[in-house]
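UniProt numbering applies: residue 1 is where the sequence shown begins, and numbers increase by one.
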Amino acid sequence: MNDEIKYSGGVASRPDAPPAGEVMPVKAYKTDIIYKGLSYFTKNNPYYTVLFYFFVSYVMTYVVGILTGNLHGGDGRDPMHSYVLDNLCMGILAPIGAGLIANLYNKISGATEIIGVKHIIKESDLGAYRALLDKFDRKFNNYGITVVSLILAAVISVYIFLFRRTSWLGIAGGVTGMYDAIFVFLNFSMIITIVYKSCIAIWLIQKILAFDINIRPMHPDHAGGLRHIGSLSMAVNYFLILVMLFFSLLLIFDPFAQRFVLIYLFFYIFTFFAFFASLYEAHKKMRRVKDEALEKLENTSNHYYNKLVMTASELGIYDLDSADEIIMVDNLYTIVEKMPVWPFNINNIIKFFSVFITPFIIFIISLLVSTDSIIYNWRVIFNLFSK
1 MNDEIKYSGG VASRPDAPPA GEVMPVKAYK TDIIYKGLSY FTKNNPYYTV LFYFFVSYVM
61 TYVVGILTGN LHGGDGRDPM HSYVLDNLCM GILAPIGAGL IANLYNKISG ATEIIGVKHI
121 IKESDLGAYR ALLDKFDRKF NNYGITVVSL ILAAVISVYI FLFRRTSWLG IAGGVTGMYD
181 AIFVFLNFSM IITIVYKSCI AIWLIQKILA FDINIRPMHP DHAGGLRHIG SLSMAVNYFL
241 ILVMLFFSLL LIFDPFAQRF VLIYLFFYIF TFFAFFASLY EAHKKMRRVK DEALEKLENT
301 SNHYYNKLVM TASELGIYDL DSADEIIMVD NLYTIVEKMP VWPFNINNII KFFSVFITPF
361 IIFIISLLVS TDSIIYNWRV IFNLFSK
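Structure (structure tokens):
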């Protein structure tokens, strides 16, 4: 056996590595015991995950509330439906978050295989790519973070249960509060786990883009053949956007959270730049390949145009073969010119920015309705400085 080790892209590889078709996907939820329990019922389908989690965590909470008589409140508690923030978080954000986790895990498993199988990574680097996936697997499926997330989630959920005495989420909620405390625990555990795993996924994307990747300007995915990398990055950031949406709701419904508007803005801006920074290497390479392809097509068009003109001057007629070639080159030029210089097509870009702008819109609304905000009191501030 040849034990010589070569290095490519900063990662060790063996020359006798298996062929591209044998690249194995990373099983992204190997150590996520909570998600493994969910996937038993949802079969890793993001939409089924949303519906299932909505039913067991929210609908069943109200069923328990009805059966225990907690639905209409009492003993210092308001009716369950009157707690707007709690209902939004447990009824909308938590199920969507569970679905986004399923989507992220599916994207990781799919992308790690497809990137090798479809030769996005060049064949000479496949051994190094497999070594990178092994390293990623160890970091991503870390039992340590699972234990830490369970402990932290337990501490947070116990604190909420014991000290939130005026809500059905706390000890005053009785059996309803105990049932819902289970899902508060699960929610925080998943959040802590996925924030960590999102950072590791961004690290993987940057390492993949450090390879000499194949960029195809005329690829039918309209993303240079890198759609799977772009989709993976978007899956990571969708979860972070959901966290920002939660922060936005806090700014509206929690007066205490309104003291931390600057922290929210920093996180919002940081998430935006982190998303594009993780793909900046792909942007540079796609820009270079696109410019090179356009230049070659321009030279090709000039070649056939000169041939067309020369024939016309000599024979007095146009060479139709050369004219056909010019038309085909022009069609190819149009295709390449439309290729974005980020690894996602225009539809995905529109989808991402539509989702990304939602927390910001909610944030602006919170400023408009808050009597303590600068925007709400802009006339007073303007008059103060104009004196």
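Ideal Cβ placement from N, Cα and C applies to all residues, glycine included.
Exercise. Which residues share a DSSP beta bridge with Arg227?
Worked result: Arg227 pairs with nothing; no bridge assigned.
Problem set entry | CA nearest to the CA of Ile125, picked from Ile145, Thr358, Asp212, Ser149 | For clarity, residue 125 is Asp in the given sequence; the question names Ile instead. The shortest C-alpha separation from Asp125 is found at Asp212.
For this session: With distances taken Cα to Cα, identify the nearest neighbour of Phe185 among Ile34, Met310, Lys30.
Result: With distances taken between Cα atoms, Phe185 lies closest to Ile34.
Exercise. Since Ile303 is in the alpha helix (DSSP H), which residue starts that stretch and which ends it?
Worked result: Sequence check: residue 303 is His here, not Ile. His303: member of the alpha helix (DSSP H) spanning 280 to 315, first to last residue.
For this session: Run the CB neighbour count on Leu132, radius 10 Å, all protein chains shown included, and call it buried at 16 or more, exposed below.
Result: Flag for Leu132 reads buried.
Exercise. Do you know how far the Cα of Glu292 is from the Cα of Ile326?
Worked result: So the two alpha carbons sit approximately 18 Å from each other.
Exercise. Expressed to the nearest angstrom, what Euclidean distance is found between the alpha-carbon atoms of Gly21 and Thr112?
Worked result: Caution is warranted here: a pLDDT of 48 is assigned to Gly21, below 50, making its placement in the model unreliable, and the coordinate value is therefore given only provisionally. Cα to Cα, Gly21 sits roughly 12 Å from Thr112.
For this session: Figure out for me which residue from Thr176, Val117, Ile121, Ala98 has the closest Cα to the Cα of Arg77.
Result: Out of Thr176, Val117, Ile121, Ala98, Thr176 has the C-alpha closest to the C-alpha of Arg77.
For this session: Pull up the distance between the alpha-carbon of Lys338 and that of Ser322, whole angstroms please.
Result: Taking the straight line from one Cα to the other gives about 25 Å.
For this session: Express the C-alpha separation of Lys27 and Lys43 in angstroms, rounding to a whole number.
Result: One alpha carbon belongs to Lys43, the other to Lys27, and they sit about 14 Å apart.
Problem set entry | Residue range of the alpha helix (DSSP H) that includes Asn187 | Asn187 -> alpha helix (DSSP H) spans 174 to 209.
For this session: Confirm, please, whether the CB-CB distance from Ala282 to Leu232 is below 8 Å.
Result: For Leu232 and Ala282, no; Cβs fall outside 8 Å.
Problem set entry | Where Arg164 sits in the DSSP three-state scheme | DSSP places Arg164 in the coil class of the three-state scheme, outside both helix and strand.
Exercise. In whole angstroms, what separates the C-alpha of Arg130 from that of Ile66?
Worked result: Taking the straight line joining both Cα atoms gives about 54 Å.
For this session: Quick one: residues in its chain with C-beta nearer than 8 Å to the C-beta of Gly110, no 5 flanking neighbours on either side, listed in chain order?
Result: Within the same chain, Gly110 has close Cβ partners Pro25, His228.
For this session: Compute the minimum distance between the beta carbon of Phe253 and the heavy atoms of the ligand HEM, and state whether it is under 7 Å.
Result: The ligand content of the structure shown is nil, which means the ligand HEM is not present either.
Problem set entry | the segment 94 to 109 in contact with the segment 188 to 208 per 3-pair CB rule at 8 Å | The answer is yes - the segment 188 to 208 touches the segment 94 to 109, with three or more Cβ pairs under 8 Å.
Problem set entry | Buried or exposed (CB count within 10 angstroms, at least 16 for buried), Ile346 | Classification for Ile346: exposed.
Problem set entry | Residue range of the unbroken alpha helix (DSSP H) whose run includes Arg130 | Here the alpha helix (DSSP H) through Arg130 covers 126 to 140.
Exercise. Okay, do the segment 241 to 248 and the segment 350 to 359 touch, 3+ Cβ pairs below 8 Å being the bar?
Worked result: Contact between the segment 241 to 248 and the segment 350 to 359 is present, because at least three Cβ pairs lie under 8 Å.
Exercise. Is Ile349 helix, strand or coil by DSSP?
Worked result: In this structure, Ile349 counts as helix in the three-state DSSP scheme.
Exercise. Is residue 389 helix, strand or coil when you go by DSSP?
Worked result: Any question about residue 389 goes unanswered here, given that the chain covers just 1 to 387.
For this session: Round the Cβ separation of Ile115 and Ile108 to the nearest angstrom and send it over; I've been treating them as touching at under 8 Å.
Result: Actually they do not touch by this definition, with Cβ atoms about 11 Å apart.
For this session: Following the continuous alpha helix (DSSP H) through Val63, name the residue where it begins and the one where it ends.
Result: Counting along the chain, the alpha helix (DSSP H) containing Val63 begins and ends at 60 to 68.
Problem set entry | Cβ-based neighbour list, Phe54, same chain, cut-off 6 Å, excluding 5 preceding and 5 following | Around Phe54: Pro95.
For this session: Run the CB neighbour count on Leu162, radius 10 Å, all protein chains shown included, and call it buried at 16 or more, exposed below.
Result: By the 10 Å Cβ count, Leu162 comes out exposed.
Problem set entry | Start and end residues, alpha helix (DSSP H) containing Asp86 | Secondary structure note for Asp86: its alpha helix (DSSP H) is the uninterrupted segment 84 to 88.
Problem set entry | Spatial neighbours of Val50 in its chain, beta-carbon cut-off 8 Å, leaving aside the 5 residues before and after | Residues of the same chain with a CB within less than 8 Å of the CB of Val50, apart from the 5 flanking positions on each side, are Pro95, Ile96, Ala98, Gly99 in chain order.
For this session: Keeping to the same chain, check which residues put their C-beta closer than 7 Å to that of Lys30; ignore five residues upstream and five downstream.
Result: Beyond the five residues adjoining it in sequence on each side, Lys30 comes within less than 7 Å, by CB distance, of Asn141 in the same chain, given in chain order.
Exercise. For Ile121, which beta-bridge partners are listed by DSSP?
Worked result: For Ile121, which the question treats as bridged, DSSP gives the partners Ile213.
Exercise. Among Gly224, Asn348, Gly230, which has the Cα closest to the Cα of Arg288?
Worked result: Nearest of Gly224, Asn348, Gly230 to Arg288, Cα basis: Gly224.
Exercise. At which residues does the alpha helix (DSSP H) containing Phe54 begin and terminate?
Worked result: 46 to 54 is the span of the alpha helix (DSSP H), which, as asked, contains Phe54.
For this session: Compute the distance between the beta-carbons of residue 389 and Gly230, then report whether it is under 8 Å.
Result: There is no way to answer for residue 389, as the model of the chain reaches only from 1 to 387.
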